[in-house]
Structure formats: structure tokens, C-alpha cells
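Peer 1: Provided herewith is a single structure, encoded as C-alpha cells, for subsequent inquiry.
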């Protein structure tokens, strides 16, 4: 009995000591902190790129010493964040640049008040994953499975780049990469399907919809299986808007109306004010090469059918200043609005998952056709309708 009491007392003391030694981390309710001490993080600083409140692109440096980093920043709502480690081993270089591989990023979900820690190591990819919150624990559970596969795929791509397309190994590598990417997509689908209460699953489904890695029918089915406890979470609501957008932007439907004062002159614009003429809605950005390549043709059609056709440009990814500078330089004078304004995101509202995306509307606002990606077909359809 005495031995038992001694052991129990010792255990309680040890527990108390361990608890006392555990650092208490306090994070301001309007900020997040992320930290880590990782083998292989041989860099002086990492980089975070994001948009500020005015829509301008900003870069932060996350300083690293002996593989350790700590970074704190203000945040008003949940956000998916990545750091680029600037470790040479992780940069997938080609003759013309590099591949922005997801497996070469520190990826995590931050929310106000979060304290997040990365564990793992940096090899030729970021084999390190976040922990400390349920969202990040879930994110780590899937990323730790798919990052090694994504790294294999991009390494195969680098190897293939050195070969002529007539080399027998070229086709073998293509098949191997396709198999890896298909496996990754299936693992992500399994993750979002099996975790209906997970904030990380909501983010992943949102991301997969943007990248067209899940069919619209699959996305709707998965979304409807999500637990209602996720309602109000940023990425759940993003998916909800996309699902609504899928259903409201099918060909033959009247396109949803919107108003916005995110216009070059600051005046409020309403989509339904364009009723009475055919409308070409063009989602674009200065960063999108295919978008820019098609804009001279858009201008040509504006002039060709000026009595029948109205052009509406919806810009995503640029600040107002950058958009206006570009438009003025090339004398593109049709109506423009920014996709993101204070009240809604038109990319989500109209379920835009690729750039450029074009809608052709009839004079009543009905969607005649929708086109995703660089295509001449949209202009052929305009000719068929308007000539």
C-alpha cells in the first residue's frame, strides 16, 4: 500500500511539473501566431505574399534562425496562408523559371487567436505540417499523405523536361504523373467526404472547385453532406456561394443581378441596367495572359456590334489603380467592375473557376452560353447571333 501511494504521489508530482513547464502562449484575439523549429529549414527568411485591405499585393518576410521561426500577424477572419521557404532544395527550377509546387509550401489555416506550430522537416519538399487547432490537425492529416506524392509528380516533370518527346521514357513519365495526380485527387475527395464537420474539408472542397478537380454534381453532393456546424465558416460559405452559382448560372437561366460601386468612376453599377441589349460578360485580370491576349478581339467586337452588344469586364486579382492604368494604356473603354467588393465576391457568386470566363446574355439577361478558358468559340457565337 505504501509503495502504491508513493507511486501515485510521484505520478501526480511529475504531471504537475510537466504542466507547469508547458509554456502558456497568449495570442491577441485579432491576430495569429505560427512557429516551428525544423530540420532542413536552411534559409534566412521565408516569404508570405497577400493582398492588403486596398487590394494591393504585399510581401512579408518571416525570419529564420537555426531552423526556427515565429511569425505573428493581424487577421479578421479565417484565411488559408502559405509561406515560401526559399530553401533551394525545394525550388523546382526549369530553364524558364520554376514550378510553384504545393509540396514546396508551408500551408496552414489561420483564424483570429490561433497559435499554430509546424512539425516535420524540409528535404526536397516541405515535409512539415501544422498542428495546434482542429482545422490544422485535419489539414495536416491530408497534406502529410498527398505532399510526398505531389513532390514525386513534380520531380518526374523536371526529369521529363530533359527528354525529347520521342524518348520512350517520356510517355512512361507522363503515365506515372497522371496516376499520381489522379491518386491525389481521389484522396482529397475521400478526405472532404469523410470529414463533414471539418473546416479543413470545407477549405479543400472550395479549392477543388476553383481548380475543377471535382465535378459540379460531386461538389453539390459533398457540400450537402457537410454538418450544419460549419455554417458561418468562411470557406463553407464560399462553397455555399459556388453551389448557388452553379445552379443559377446554367445556360438558359437568368443571370443573378448584382450592384457594385467598385467601378473606375466610383459610381454604382447594376448588371440588370444592361437589359435590352446582348451582353458579353468577361472575367479577366492583368495577371492572366490568355485574358489579355483576347482583349483586342473583345474591343473589335465592341465596335463591330456597337448598336447591339454591350461589354462588361469583371476584373479579379488587381487593385483598382492597376486595372485603370492597364485599361487607359490600351484604350479599353467598356464598363468595368472589380469582382471583389465590400459586400460580395462575383467570382463565387457566378461560380467562376477559370480565367478568362465569358458569359453571353440575351437582352432579357438569360445566359445563352458560358465559356471557360481561352477560346474563339465565344466570338463565333456572337457572330451567329448578331450578324
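In the numbering used here, the protein residues as written are 28 to 414. We put the beta carbon where it would ideally sit given N, CA and C, even for glycine.
Confirm, please, whether the CB-CB distance from residue 284 to residue 392 is below 9 angstroms.
Peer 2: In contact: residue 392 and residue 284 (Cβ atoms closer than 9 angstroms).
Peer 1: Between which two residues does the alpha helix (DSSP H) containing residue 366 stretch?
Peer 2: Element bounds for residue 366: n/a, residue is neither H nor E.
Peer 1: DSSP three-state call for residue 269: helix, strand or coil?
Peer 2: In the structure shown, residue 269 sits in a helix (DSSP, three-state: H, G or I).
Peer 1: Starting from the C-beta of residue 169, find all residues in its chain whose C-beta is less than 6 angstroms away, skip the five residues before and the five after it, and write them out in chain order.
Peer 2: Excluding sequence neighbours, residue 169 sits near 218.
Peer 1: Rounded to a whole number of angstroms, what is the C-alpha to C-alpha distance between residue 207 and residue 232?
Peer 2: Near 19 angstroms, if we compare the C-alpha coordinates of residue 232 and residue 207.
Peer 1: Given this structure, state the Cα-to-Cα distance separating residue 312 from residue 267, to the nearest angstrom.
Peer 2: If you take the alpha carbons of residue 312 and residue 267, they lie about 24 angstroms apart.
Peer 1: Please state whether DSSP places residue 222 in a helix, a strand or coil.
Peer 2: The answer is coil: DSSP assigns residue 222 none of H, G, I, E or B.
Peer 1: If distances are taken between C-alpha atoms only, which option among 315, 328, 249 comes closest to residue 361?
Peer 2: Nearest of 315, 328, 249 to residue 361, Cα basis: 328.
Peer 1: Reducing DSSP to helix, strand and coil, say where residue 125 ends up.
Peer 2: Here residue 125 sits in strand by DSSP.
Peer 1: Report the residue from 166, 409, 113, 125 whose alpha carbon sits nearest the alpha carbon of residue 304.
Peer 2: Residue 409 is the option with its Cα nearest to residue 304.
Peer 1: Would you call the segment 327-343 and the segment 370-384 touching, i.e. three or more CB-CB distances under 8 angstroms?
Peer 2: Because the criterion of three Cβ pairs below 8 angstroms is met, the segment 327-343 and the segment 370-384 touch.
Peer 1: Check each candidate in 209, 107, 202, 128 and name the one with the smallest Cα separation from residue 162.
Peer 2: Checked all of 209, 107, 202, 128; the closest Cα to residue 162 is 107.
Peer 1: Within 9 angstroms of any Cβ in chain D, is that where the Cβ of residue 105 sits?
Peer 2: In the structure shown, chain D cannot be found, because there is only a single protein chain.
Peer 1: When the Cα of residue 56 is compared with those of 302, 140, 295, 87, which residue comes out closest?
Peer 2: The option with the nearest alpha carbon to residue 56 is 140.
Peer 1: I need the DSSP call for residue 230, collapsed to helix, strand or coil.
Peer 2: Helix at residue 230.
Peer 1: Have a look at the DSSP bridge pairing and note the partners of residue 277.
Peer 2: The partner list for residue 277 (beta bridge, DSSP) is empty, contrary to what the question assumes.
Peer 1: Identify the continuous beta strand (DSSP E) that holds residue 308 and give its terminal residues.
Peer 2: Unbroken beta strand (DSSP E) run through residue 308: 305-311.
Peer 1: What is the DSSP secondary structure of residue 142, reduced to helix, strand or coil?
Peer 2: Three-state result, residue 142: strand.
Peer 1: Just mark residue 287 as buried or exposed, buried being the case when its beta carbon has 16 or more other beta carbons within 10 Å.
Peer 2: The residue in question, residue 287, is buried, as its Cβ has 16 or more Cβ neighbours within 10 Å.
Peer 1: Go through its chain and collect everything with a Cβ distance to residue 289's Cβ below 6 angstroms, but skip five positions before and after it.
Peer 2: Once the five neighbours on either side are set aside, the close Cβ partners of residue 289 are 364, 365, 368.
Peer 1: Short of 6 angstroms in beta carbon distance, which residues of its chain neighbour residue 257, apart from the five on each side in sequence? Order them along the chain.
Peer 2: Cβ neighbours of residue 257 beyond the five flanking positions: 229, 263.
Peer 1: Tell me whether the beta-carbon of residue 281 lies closer than 9 angstroms to the beta-carbon of residue 308.
Peer 2: No, the Cβ-Cβ distance between residue 281 and residue 308 is not below 9 angstroms.
Peer 1: In chain order, what residues of the same chain have a beta carbon less than 6 angstroms from the beta carbon of residue 261, not counting five sequence neighbours either side?
Peer 2: Here the set comprises 104, 105.
Peer 1: Under DSSP, the alpha helix (DSSP H) around residue 412 begins and ends at which residues?
Peer 2: Its alpha helix (DSSP H) spans residues 404-413.
Peer 1: Using only alpha-carbon positions, find the residue among 335, 244, 398 that is nearest to residue 216.
Peer 2: When only C-alpha atoms are compared, the closest one is 244.
Peer 1: From residue 176 to residue 407, what does the alpha carbon distance come to, in whole angstroms?
Peer 2: When rounded, the distance between both Cα atoms is 42 angstroms.
Peer 1: Identify which residue in 295, 326, 272 has its Cα closest to the Cα of residue 437.
Peer 2: What is shown of the chain runs 28 to 414, which leaves residue 437 out entirely.
Peer 1: Decide if residue 98 is buried, meaning its Cβ has at least 16 other Cβ atoms within 10 Å, or exposed.
Peer 2: So residue 98 ends up on the buried side.
Peer 1: Please state the DSSP three-state secondary structure of residue 102.
Peer 2: Note: residue 102 maps to coil in three-state DSSP.
Peer 1: Is residue 178 helix, strand or coil when you go by DSSP?
Peer 2: Residue state, collapsed to three classes: helix.
Peer 1: Residues in the same chain with beta-carbon distance under 7 angstroms from residue 376, minus the five sequence neighbours each way, listed in chain order, please.
Peer 2: Only 268, 272, 283, 285 meet the Cβ criterion.
Peer 1: Assuming residue 85 and residue 117 form a contact by the criterion Cβ under 8 angstroms, report the distance between their Cβ atoms to the nearest whole angstrom.
Peer 2: The pair is not a contact, with the Cβ atoms about 23 angstroms apart (cut-off 8 angstroms).
Peer 1: Going residue by residue through the segment 312-383, where are the continuous beta strand (DSSP E) segments of at least 3 residues, counting only ones entirely within it?
Peer 2: Fully enclosed beta strand (DSSP E) runs of 3 or longer: 336-342, 362-365.
Peer 1: Once you ignore the five residues that flank residue 386 on each side, which residues in its own chain have a CB closer than 7 angstroms to its CB?
Peer 2: For residue 386, where only same-chain residues beyond five positions count, the Cβ hits under 7 angstroms are 282, 308, 394, 397.
Peer 1: Using a Cβ distance threshold of 8 angstroms, determine whether the segment 235-243 contacts the segment 132-149, with at least three qualifying pairs required.
Peer 2: The segment 235-243 is not in contact with the segment 132-149.
Peer 1: Taking buried to mean at least 16 other C-beta atoms within 10 Å of its own C-beta, is residue 325 buried or exposed?
Peer 2: Its Cβ being crowded by 16 or more others within 10 Å, residue 325 is buried.
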